[in-house]
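Inspection log for the structure reproduced underneath, given as structure tokens.
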Amino acid sequence: MSPNGACVFFLVTASGFFVENPHMQAWCYAPLVAVFMSLNVQAMTSVSKKSLVLVLPLVLFLYLVWVVIVGAAPTNPGEPIQPTAQSYVYAVSLKLFAFSALVFSLVEKFASGGAFQFFNNLTIPSGLKALLMLTLSLKNSFSQASTRSFSALVIAGILTPRLSLRNMSHGWLLMRSIWVSTLCISFERLDSKWTIENLPDSCVQNLAKTRTLLSLGDLVWLLVATLPIAAKYLVSGGQ
Amino acid sequence: LLHSVSDKKIWSEKSFSKVQISVENIHLCYLIQKLHSYNLEYCLMISPVILLIALCAALNLALGGVVYLLKLPIYLDMVGSILCALLLARTPVKAFLAAAVAGVISFVLGGVFNPFLPWFSLTVVAVAAITAFFTARSEPILRTGSIADIGLWTRLIGYGVLTGLVAAFMSAPIVVYFFGGVTGSGSALITAFFLKAGNQLMNAAILSGLTAEPVDKTIQLTLAVMLLRATPNNIVGRIREGAALKG
């Protein structure tokens with residue numbers, strides 16, 4: 066599967082997941098995701114674990130809201146029937162788990178090349194490619210700036226290393242420090258580092274390369290992904 | 005010069021990296037962009053505005069992710085977009101475009117840890133429009149006004165509530181039609197409360213939005229203004245200089 070195919074496959078499947086009627090989409094797409102995982106991902110256990118870690122708190126939260134507090138499914142709040150609410154939460158949970166598994170499967174499949182390689186191989190305008198890469202790169206800069214600013218403010222005696230009232234009242238200083246630190250570093254890179262490294266030239270050359278739009282394998286997966294939507298359309302008599 | 009820059013091939017061979025960051029060269033870049041039918045690739049890497057968009061998208065991602073994981077009944081996932089619009093306040097259309105692009109990019113990339121997020125991209129576009137065309141008019145006061153000034157706080161609350169109302173009406177149909185009233189954010193608790201009180205799903209979603217969004221957007225606007233005030237003048241100047249160029 067090519068990166069272009071992965072994106073289109075993801076968009077079609079994700080649209081199918083989140084269109085109305087949660088029960089039907091859950092039962093249609095969960096097997097599709099399972100087949101996709103078994104054919105494309107080697108570390109299936111790791112992908113399933115990651116999805117479970119992401120979805121489990123959400124499922125508990127949904128259970129608390131719809132079963133414990135409301136006691137009815139959001140589609141029929143007038144009829145407080147707990148089993149309906151439970152089946153609703155299970156269907157939504159299955160859908161979310163399948164969705165997360167699909168996302169992590171795609172991430173795992175293209176993990177060897179990294180996110181930058183993935184974006185570079187997409188058939189999108191080179192400006193958008195560079196913007197996506199720059200965003201991911203700067204997100205890491207924010208994480209590093211957080212550590213630096215936090216350490217600096219702890220050393221200055223403004224914040225404490227553990228949870229405290231002082232941290233609550235001075236948290237805004239940390240946020241300002243992180244922003245100014247990342248901003249200044251980025252603009253400094255723009256002025257000197259990127260120019261010295263010849264980044265604009267190499268980016269223009271690399272990002273402008275033409276890519277294959279969709280391979281035959283991509284088209285097969287797309288056909289499979291559209292089947293549940295087509296089935297739903299046929300079952301509902303074209304409505 | 006005009007003949008040589010109009011030929012894309014010649015320009016590529018002339019080692020683009022030698023172009024230094026200066027207003028004159030940004031003008032030259034603009035000229036090339038015009039000549040190549042708005043092809044942005046040559047302008048991309050030296051534009052402070054592009055860097056600002058990426059920075060604000062990354063800020064959205066960093067803040068929104070933390071709040072989602074903590075399950076707070078607020079979102080804080082648009083601070084970067086609001087800040088982007090405020091920093092480009094003098095050119096409203098560009099401010100709107102930049103803030104909307106930053107928002108959509110962060111919402112799409114954020115889908116990896118929050119599967120609900122990408123579907124609310126239209127909401128962030130609406131918030132970008134409100135900030136660029138309305139809130140940004142008061143940018144001089146928001147940026148330089150005294151903290152003791154009551155006008156500053158009145159504006160913050162007024163624009164925050166306005167943005168929140170727009171966001172609530174934009175988000176409610178998405179919550180109902182795409183997710184059947186279920187989202188993973190803390191505001192689902194408020195929706196549940198209104199459903200329990202006997203409201204229909206759509207009404208509950210709108211009421212939940214109207215309760216949580218104005219508070220959330222006022223907090224987000226306050227945070228964005230705080231960061232705007234912290235941004236060094238020379239960097240604000242460079243960003244605005246870049247945005248003021250035609251094209």
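Sequence order for the protein chains is A and B. Just so it is clear: in the first sequence, position 55 is 120 by our numbering, and no numbers are missing. Just so it is clear: in the second sequence, position 180 is 184 by our numbering, and no numbers are missing. Using N, Cα and C, we set each Cβ at its ideal position, and we do this for glycine too.
Any beta-carbon of chain B closer than 7 Å to the one on residue i?
i                : result
THR200 (chain A) : yes
VAL130 (chain A) : yes
ARG241 (chain A) : yes
LYS160 (chain A) : no
LEU97 (chain A)  : no
PHE207 (chain A) : yes
ALA71 (chain A)  : no
LEU203 (chain A) : yes
Can you name the start and end residues of the alpha helix (DSSP H) that residue i belongs to?
i                : result
ARG141 (chain B) : Taken as a continuous stretch (DSSP letters only), ARG141 (chain B) belongs to no alpha helix (DSSP H), as it is neither H nor E.
GLY136 (chain A) : First-last for GLY136 (chain A): undefined, no H or E at that position.
MET240 (chain A) : 230-253
PHE182 (chain B) : 154-183
VAL106 (chain A) : Note, VAL106 (chain A): premise wrong, no alpha helix (DSSP H); not H, not E.
GLN204 (chain B) : Per DSSP, GLN204 (chain B) belongs to no alpha helix (DSSP H) and is neither H nor E.
PHE215 (chain A) : 191-220
VAL129 (chain B) : 125-137
GLY149 (chain B) : No alpha helix (DSSP H) holds GLY149 (chain B); DSSP gives it neither H nor E.
GLY190 (chain B) : Neither: GLY190 (chain B) is in no alpha helix (DSSP H) and is coded neither H nor E.
GLU262 (chain A) : Careful: GLU262 (chain A) lies outside any alpha helix (DSSP H) and carries neither H nor E.
ARG244 (chain B) : 237-248
Could you work out which residues of chain A lie near residue i, taking near to mean beta carbons separated by less than 8 Å?
i                : result
VAL116 (chain B) : VAL168 and VAL172
LEU193 (chain B) : VAL130 and ILE134
Is there a Cβ from chain A that is less than 7 Å from the Cβ of residue i?
i                : result
LEU1 (chain B)   : Outside the shown range of chain B, which is 5 to 251, sits residue 1 (chain B), and nothing can be said about it.
ALA58 (chain B)  : yes
ALA172 (chain B) : no
TYR42 (chain B)  : Reliability of the predicted coordinates at TYR42 (chain B) is poor, the pLDDT of 41 falling under 50, and no value is obtained from them.
ILE86 (chain B)  : no
LEU91 (chain B)  : no
ILE178 (chain B) : no
ILE300 (chain B) : The requested residue 300 (chain B) is not part of the displayed model; chain B covers only 5 to 251.
ALA228 (chain B) : no
ALA62 (chain B)  : yes
ALA152 (chain B) : no
SER26 (chain B)  : Confidence in SER26 (chain B) is poor, its pLDDT being 49 and thus under 50, which makes the residue's placement unreliable; the coordinate value appears in the next sentence. Answer no: the Cβ-Cβ gap between SER26 (chain B) and chain A never drops below 7 Å.
Using a C-beta to C-beta distance shorter than 9 Å, which residues of chain A count as neighbours of residue i?
i                : result
LYS113 (chain B) : A small fix is needed here, since residue 113 (chain B) is Leu in this sequence, not Lys. Per Cβ cutoff of 9 Å: LEU197, THR200, LEU201 and LYS204.
PRO52 (chain B)  : PHE252 and LEU255
ALA99 (chain B)  : Those within 9 Å of ALA99 (chain B) in chain A number zero; the least Cβ separation is about 17 Å.
So which residues on chain B does residue i lean against when the C-beta distance must stay under 7 Å?
i                : result
PHE164 (chain A) : PRO119
Find the residues of chain B that neighbour residue i, judging by a C-beta separation of less than 8 Å, and give them in chain order.
i                : result
LEU119 (chain A) : PHE117
Run down chain A in chain order and give the residues with a C-beta less than 7 Å from the C-beta of residue i.
i                : result
LEU146 (chain B) : Within chain A, no residue comes near LEU146 (chain B); the closest Cβ sits about 15 Å away, beyond 7 Å.
ALA1 (chain B)   : With chain B running from 5 to 251 in the structure shown, residue 1 (chain B) is simply not present.
LEU65 (chain B)  : LYS204
request  = With 8 Å as the limit, tell me which residues of the region 230-249 of chain B have their beta carbon closer than that to any beta carbon of chain A; keep them in chain order.
outcome  = Within the region 230-249 of chain B, the qualifying residues are MET230, LEU231, ALA234, THR235, PRO236, ILE239 and ARG242.
ask   = Any residues in the region 244-255 of chain A with a beta carbon nearer than 8 Å to a beta carbon of chain B? Which ones, in chain order?
value = Per Cβ criterion, the list reads TRP244, VAL245, THR247, LEU248, CYS249, SER251, PHE252 and LEU255.
query = the region 216-243 of chain A: which residues have C-beta closer than 8 Å to a C-beta of chain B, in chain order?
reply = For the region 216-243 of chain A, which is checked against every Cβ of chain B, the residues closer than 8 Å are TRP237, MET240 and ARG241.
request  = Closer than 7 Å, Cβ to Cβ, to anything on chain A: give me those residues from the region 198-216 of chain B, in chain order.
outcome  = Those would be LEU199, LYS200 and LEU205, in chain order.
key: chain B contacts from the region 171-198 of chain A (Cβ-Cβ distance under 8 Å)   = Listed in sequence order: VAL172, PRO190, SER191, GLY192, ALA195, LEU196 and LEU197.
message = So if I threshold CB-CB distances at 8 Å, which residues from the region 127-142 of chain B count as touching chain A?
response = Listed by position along the chain: nothing, the set is empty.
message = Could you tell me which whole alpha helix (DSSP H) segments of length 4 or greater appear in the region 78-121 of chain B?
response = DSSP runs (the alpha helix (DSSP H)) wholly in the region 78-121 of chain B: 83-91 and 96-114.
query = What are the uninterrupted segments assigned as alpha helix (DSSP H) that are 4 or more residues long and contained completely in the region 144-191 of chain A, given in chain order?
reply = For the region 144-191 of chain A, whole alpha helix (DSSP H) runs of length 4 or above, ordered along the chain, are 147-174 and 179-185.
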